[in-house]
Amino acid sequence: MPRKHLAPVALALAVAAVSPAFGSTPVTGAPAGPVPLPVQAVLAGDDQTAVVVDLSASSRPGSPSAQVTTGSVRRPAEVGPLMSPGLAVTIVVDTAATDAASVPAWLSAGARFILEAPTGTWATVIADSAPATAIAPPQQDPAGVVAALGGVQPHGERDTAAALDLAARQFPDVPAGRKLTVVYTGAADAGGPSARELAERFRAAGTILVVATTAGASPFWSAAAEATGGFFAPAGNPVVVPALDQVETTLRGRYVVRFPTPADRPAEVPLQVTTPDLTMTADVAVPAAAPRPEPAGPGRLLIAAAVAAIALVVLGLLLTWRLGHRRRRPPPIVIAHGRASVQPRE
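Numbered according to mature numbering (1 follows the signal peptide of the UniProt record, and there is no 0), the sequence shown spans residues -23 to -1, 1 to 323.
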């Protein structure tokens, strides 16, 4: 074949070879097949269950949707970013003189967080130095929170266990999964409770725990925070900015799925979350309801005193009844010489 006719033939063969590849290209925007859904934690309440999930693998903008299957029926579920309006944040700041050089960095970190939080976020600040106390009451004014942080001076020793206990009690009326506690500290642990006990305390409160610390690698904080749907961010000393960036980036990928708590639990609930580019599924284990704690302290003593008083009243009534019953008994019958006689009444 003449050389001048080879070029058109080669071009035709090239087009034929490339066309199938173009024809098999997926349609832009079509979701991929189901992939595992990263479930970070399950916060089960009496009425609602909140599931903290990580959707950072989804790269296309757009709102996700969610479905759960309960009672063999597939139902829609609420899903939204953790960092969204309506969030309630408790900031715990290490203000102890133990590590006074790091206190200004932690105060700045708390100010940065609240200034970057969604509009309308409720916030309070707890100072971790004995005695642990709230230095900013719950409010929606970022300027008020920043002003409270700006007025703190390092003092005293750490009171981390009390500070965290106080943090877990904040915002009791906010739904589970919409409460976040961010801890900035130089401590390697909570100074008392175990990681498991601390995690259970925050899970029971429906609060997600995030910890940034200069204490280096901390198995304690990792175990405690991750069990609540949060995480541990190791910070340098004195440079803490990379840890703050990690907190911001990781929280941006956290979403919360909420649905009615199953009547019968423990239960396994199939969950599906769909984003513009991914469909993710997981079987969510909803734990059994926690036993209600027994009343402690003065309340328990009052109950014990009331029970004792009732017992004394019942005993007094019983004794009164028995004495009265004895007095009303008929006189005895005496038999003498084969005849019965009745003793006269006195």
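Think of the CB as a built atom: it goes at the ideal place given N, C-alpha and C, for glycine as much as any other residue.
Predicted model, so just to flag it, every value in this text is computed and none were measured.
Just to check my reading of the structure: residue i and residue j have Cβ atoms closer than 8 Å, yes? What is that Cβ distance to the nearest angstrom?
i           : j      : result
Leu20       : Ala176 : Contact flag wrong, Cβ pair sits at about 11 Å.
residue 328 : Thr137 : Given a span of -23 to 323 for the chain in the structure shown, any question on residue 328 remains unanswerable.
Leu32       : Thr252 : 6 Å
Thr191      : Ala212 : 5 Å
Ala210      : Ala181 : Not confirmed; about 24 Å, so no contact.
Thr46       : Val246 : 7 Å
Val56       : Ser79  : Rounded, the Cβ-Cβ distance is 37 Å, inconsistent with contact.
Pro131      : Ala220 : Contact flag wrong, Cβ pair sits at about 20 Å.
Under the three-state reduction of DSSP, which class applies to residue i: helix, strand or coil?
i       : result
Phe197  : helix
Val28   : strand
Gly(-1) : The predicted position of Gly(-1) is uncertain, since its pLDDT is 44 and thus under 50; no value can be drawn from it.
Gln223  : helix
Pro237  : strand
Ala7    : Per-residue confidence for Ala7 stands at a pLDDT of 48, beneath the threshold of 50, marking its modelled position as unreliable; no derived number is given.
Thr137  : helix
Ala65   : strand
Pro119  : helix
Val160  : strand
Leu20   : strand
Pro253  : coil
Pro58   : strand
Thr75   : helix
Leu248  : strand
Ala189  : strand
Is residue i near residue j, with beta carbons less than 8 Å apart?
i      : j      : result
Val261 : Val28  : yes
Ala145 : Thr184 : yes
Asp71  : Thr162 : yes
Arg235 : Gln17  : no
Val160 : Val216 : no
Thr96  : Gln147 : no
Leu143 : Ala111 : yes
Phe197 : Leu186 : no
Ala107 : Gly127 : no
Gly168 : Arg135 : yes
Gly39  : Arg155 : no
Ala201 : Ala172 : yes
Near residue i, which residues of its chain fall below 8 Å by C-beta distance, leaving aside the five closest residues on each side in sequence?
i      : result
Asp23  : Thr238, Ala266
Val218 : none
Gln116 : Trp99, Ala100, Thr101, Val122
Val129 : Val70, Thr72, Val80, Leu84, Ala104, Ile112
I'd like the list of long-range same chain contacts for residue i, defined as Cβ closer than 7 Å, with 5 residues on each side in sequence excluded.
i      : result
Pro119 : Ile91, Leu92
Val151 : Ala65
Asp199 : Here residue 199 turns out to be Ser, not Asp, going by the sequence shown. Within the same chain, Ser199 has close Cβ partners Phe209.
Which residue's Cα is closest to the Cα of residue i: the options?
i      : options                        : result
Ala124 : Asp166, Gly87, Trp198, Asp142  : Gly87
Pro13  : His132, Leu221, Thr256, Glu225 : Thr256
Ala244 : Arg229, Pro264, Arg135         : Pro264
Ser61  : Ala82, Gly230, Arg51           : Gly230
Got a sec? Which residues, its chain only, sit under 6 Å from residue i by beta carbon, not counting five neighbours each side?
i      : result
Gln249 : Gln44, Thr258
Gln223 : Ala210
When every heavy atom of the ligand PLP is checked, does at least one fall within less than 7 Å of the C-beta of residue i?
i      : result
Met257 : Ligands displayed in this structure: none; no statement on the ligand PLP is therefore possible.
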